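Numbering (my numbering), first residue to last: 26 to 132.
These notes concern the structure reproduced below.
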(Lines of atoms letter the chains of each structure in order from A and count residues from 1; the text may use other names and numbers.)
(Lines give C-alpha, C1' and ligand atoms only; values in the text may rest on other atoms or scores of the structure.)
Protein backbone atom coordinates (compact mmCIF):
# COMPACT_ATOMS: atom_id res chain seq x y z
CA UNK A 1 0.00 0.00 0.00
CA UNK A 2 1.38 3.40 -0.98
CA UNK A 3 2.06 5.79 1.87
CA UNK A 4 0.70 9.30 1.70
CA UNK A 5 2.56 12.08 3.49
CA UNK A 6 1.12 15.57 3.81
CA UNK A 7 2.50 18.60 5.60
CA UNK A 8 0.58 21.06 7.74
CA UNK A 9 0.87 24.59 6.28
CA UNK A 10 3.01 25.71 9.24
CA UNK A 11 5.48 22.93 8.45
CA UNK A 12 5.61 23.94 4.79
CA UNK A 13 6.30 27.53 5.85
CA UNK A 14 8.99 26.35 8.26
CA UNK A 15 10.89 24.52 5.52
CA UNK A 16 10.64 27.46 3.12
CA UNK A 17 12.08 29.75 5.78
CA UNK A 18 14.68 27.17 6.80
CA UNK A 19 16.15 27.12 3.30
CA UNK A 20 16.69 30.88 3.54
CA UNK A 21 18.08 30.65 7.08
CA UNK A 22 20.54 27.88 6.21
CA UNK A 23 21.88 29.93 3.33
CA UNK A 24 21.98 33.35 5.01
CA UNK A 25 23.47 31.95 8.23
CA UNK A 26 26.26 30.41 6.12
CA UNK A 27 25.48 26.77 6.80
CA UNK A 28 25.59 26.37 3.02
CA UNK A 29 27.63 28.32 0.51
CA UNK A 30 24.91 28.16 -2.15
CA UNK A 31 21.18 28.49 -1.76
CA UNK A 32 20.78 25.50 -4.07
CA UNK A 33 22.72 23.39 -1.56
CA UNK A 34 20.29 24.36 1.21
CA UNK A 35 17.40 23.46 -1.09
CA UNK A 36 18.98 20.07 -1.84
CA UNK A 37 19.47 19.41 1.88
CA UNK A 38 15.78 20.04 2.61
CA UNK A 39 14.67 18.13 -0.49
CA UNK A 40 16.72 15.12 0.64
CA UNK A 41 15.31 15.33 4.17
CA UNK A 42 11.73 15.41 2.87
CA UNK A 43 12.49 12.53 0.50
CA UNK A 44 13.68 10.46 3.48
CA UNK A 45 10.50 11.21 5.40
CA UNK A 46 8.18 10.52 2.49
CA UNK A 47 9.88 7.25 1.60
CA UNK A 48 10.74 5.85 5.02
CA UNK A 49 8.33 7.15 7.63
CA UNK A 50 6.33 3.94 7.47
CA UNK A 51 9.46 1.91 8.33
CA UNK A 52 10.75 4.15 11.10
CA UNK A 53 9.98 3.47 14.73
CA UNK A 54 7.03 5.61 15.78
CA UNK A 55 7.30 6.93 19.31
CA UNK A 56 4.37 8.24 21.29
CA UNK A 57 4.85 11.97 21.66
CA UNK A 58 6.31 13.17 24.93
CA UNK A 59 3.80 15.26 26.92
CA UNK A 60 5.79 18.39 26.04
CA UNK A 61 5.01 17.96 22.32
CA UNK A 62 1.59 16.30 22.31
CA UNK A 63 -0.01 19.60 21.32
CA UNK A 64 1.68 19.08 17.93
CA UNK A 65 0.76 15.45 17.33
CA UNK A 66 0.43 11.95 18.71
CA UNK A 67 3.62 10.39 17.31
CA UNK A 68 7.13 11.32 16.29
CA UNK A 69 9.93 9.70 14.33
CA UNK A 70 13.57 10.69 14.04
CA UNK A 71 15.63 11.04 10.88
CA UNK A 72 19.40 11.41 10.70
CA UNK A 73 20.58 13.38 7.71
CA UNK A 74 24.14 13.94 8.90
CA UNK A 75 26.23 12.95 11.95
CA UNK A 76 25.48 16.19 13.81
CA UNK A 77 21.77 16.70 13.19
CA UNK A 78 18.74 14.61 14.04
CA UNK A 79 15.36 15.78 12.75
CA UNK A 80 12.17 14.94 14.60
CA UNK A 81 8.90 14.83 12.70
CA UNK A 82 5.72 14.98 14.78
CA UNK A 83 2.65 13.60 13.08
CA UNK A 84 -0.79 12.06 13.12
CA UNK A 85 -1.37 8.85 11.24
CA UNK A 86 -4.22 6.73 10.04
CA UNK A 87 -3.49 3.55 8.09
CA UNK A 88 -1.04 4.59 5.36
CA UNK A 89 -1.67 8.34 5.70
CA UNK A 90 0.60 10.69 7.63
CA UNK A 91 0.08 14.35 8.44
CA UNK A 92 3.32 16.02 9.54
CA UNK A 93 2.28 18.65 12.07
CA UNK A 94 5.58 19.86 13.54
CA UNK A 95 9.31 19.54 12.89
CA UNK A 96 12.34 20.28 15.04
CA UNK A 97 15.93 19.12 15.36
CA UNK A 98 18.27 18.12 18.16
CA UNK A 99 19.32 21.76 18.63
CA UNK A 100 15.74 22.83 19.42
CA UNK A 101 14.27 23.31 22.88
CA UNK A 102 11.70 20.59 22.18
CA UNK A 103 14.45 17.98 21.84
CA UNK A 104 15.63 18.48 25.42
CA UNK A 105 12.43 16.97 26.80
CA UNK A 106 12.43 13.85 24.62
CA UNK A 107 14.99 11.97 26.70
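All residues carry an ideal CB built from backbone N, CA and C; glycine is no exception.
Computed from a prediction, not measured in an experiment: that's the story for all the values here.
Which value, in whole angstroms, describes the spacing of the CA atoms of residue i and residue j?
| i | j | result |
| --- | --- | --- |
| residue 105 | residue 81 | 12 Å |
| residue 131 | residue 45 | 27 Å |
| residue 116 | residue 54 | 32 Å |
Between the Cα of residue i and the Cα atoms of the options, which residue gives the shortest distance?
| i | options | result |
| --- | --- | --- |
| residue 97 | 39, 67 and 90 | 67 |
| residue 71 | 132, 123 and 114 | 114 |
| residue 127 | 107, 112, 100 and 111 | 107 |
| residue 84 | 129, 111 and 51 | 129 |
| residue 60 | 75, 29, 39 and 92 | 39 |
| residue 69 | 26, 94, 48 and 49 | 94 |
| residue 99 | 77, 110, 91 and 65 | 65 |
In this structure, does DSSP put residue i in helix, strand or coil?
| i | result |
| --- | --- |
| residue 132 | coil |
| residue 29 | strand |
| residue 53 | coil |
| residue 39 | helix |
| residue 44 | helix |
| residue 64 | helix |
| residue 113 | coil |
| residue 123 | coil |
| residue 85 | coil |
| residue 95 | strand |
For residue i, is the classification buried or exposed, using 16 other Cβ atoms within 10 angstroms of its Cβ as the cut-off for buried?
| i | result |
| --- | --- |
| residue 121 | buried |
| residue 124 | exposed |
| residue 62 | buried |
| residue 86 | buried |
| residue 74 | buried |
| residue 89 | buried |
With residue i and residue j assumed to form a contact (beta carbons below 8 Å), what rounded beta-carbon distance in angstroms separates them?
| i | j | result |
| --- | --- | --- |
| residue 118 | residue 33 | 5 Å |
With a threshold of 8 Å between beta-carbons, can residue i be considered close to chain C, or not?
| i | result |
| --- | --- |
| residue 99 | In the displayed structure, chain C is absent; only one protein chain is listed. |
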